[in-house]
Amino acid sequence: MATILITGASRGIGLELTRQYAAAGERVIATCRSPSGAVDLQALAAAHPGLLQVEALDVTDFAAIDALAARLAGTTIDILINNAGDIGPRDPDRTRLIEQRFGTLNYAEWRRVLDVNMLAPIKVAEAFASHVAAAKRPRLVFVSSTTGSNVEGRYPLFVYCSSKAGLNKCVTMLAMALKDRGVTCLAVCPGHVKTELGGDGAVLEVGESVRGLRAVIDGAGLAQSGQFIRYNGETIAW
Ligand SMILES: NC(=O)c1ccc[n+]([C@@H]2O[C@H](COP(=O)([O-])OP(=O)(O)OC[C@H]3O[C@@H](n4cnc5c(N)ncnc54)[C@H](OP(=O)(O)O)[C@@H]3O)[C@@H](O)[C@H]2O)c1
């Protein structure tokens, strides 16, 4: 049985990753900002007693990340999935999208999104590096987005896209930093998924995306470290 830690497990892709890994009999440490409000996650935990542990974690609270890492000292984490993410300013009728466009940028929001999408996953990786490195086949996974690719990304939103582009660069550096400790570092794109973040135009069911992501993660080893891989196994150019 593998132990898998997932951030942002209250809904969307994080919740589905938790559901599928728990159903497969893996031990999951599912973290979310507000466990009491995460009704679906709590129902899953009740259905998998002893297998699914829910922990409170706002990934922008670095002291809380350190405290959780200290509490889990001695726990080997085979797979750590940095999934929590934020699309940035965008309301249902899309009027706030201009805050992500040149000329009308909202810099306070940009800083906030960089914290969630870029700095926090690296802080989580730093805090849990020794828990992961202790595994036989350690993997650190970062849920990124094709929108952060300089080659494929065509979405002109400075806030979200720059946060994922920055995350991608960090993953390539992290792969080098952790190579000697045998840790595989992988950026993955889930596709355009029907979640709150995915929005109206999304095409993929969350179950299909997550089945693909699990296959990608399952097949990843040091030869793939530092790569950016889509849920269907395609390599994405940075
Ligand atoms: N859906 C897509 O089409 C798509 C495409 C490419 C990449 N992605 C990436 O996939 C990941 C998951 O997205 P999703 O589609 O599942 O979105 P989602 O349904 O909106 O879920 C986002 C998750 O991130 C959590 N989160 C946000 N800020 C957080 C913070 N500061 N601390 C802890 N958790 C936080 C949310 O928790 P709360 O419930 O507390 O808000 C929620 O669980 C993200 O990294 C996203 O960028 C998604």
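Going by the numbering used here, the first residue of the sequence shown is number 198, and it counts up by one from there. Idealized CB from N, CA, C, for every residue including glycine. No experiment lies behind these values; they were computed from the predicted model shown.
In the assembly as shown, ALA243 is an exposed residue. Its beta-carbon has fewer than 16 other beta-carbons within 10 Å.
Going by DSSP, ALA384 is part of the beta strand (DSSP E) stretching over 381–386. According to DSSP, residue pairing for PHE339 in a beta bridge involves ASN279 and ALA384. Scanning THR381, GLY345 and ASN314 for the CA closest to the CA of ALA330 turns up THR381. Here the alpha carbon of ASP415 sits roughly 43 Å from the alpha carbon of GLY300. By the Cβ test, the region 227–237 is in contact with the region 200–210, since at least three Cβ pairs between them sit closer than 8 Å. With the rule of 3 Cβ pairs closer than 8 Å, the region 295–315 does not count as touching the region 258–275. Less than 8 Å separates the beta-carbon of LEU337 from that of LEU277.
Between the region 233–247 and the region 291–309 there are fewer than three C-beta pairs closer than 8 Å, too few to call the two in contact. Secondary structure in the region 226–301: the beta strand (DSSP E) runs of 3 residues or longer, each lying completely within the stretch, are 249–253 and 276–279 in chain order.
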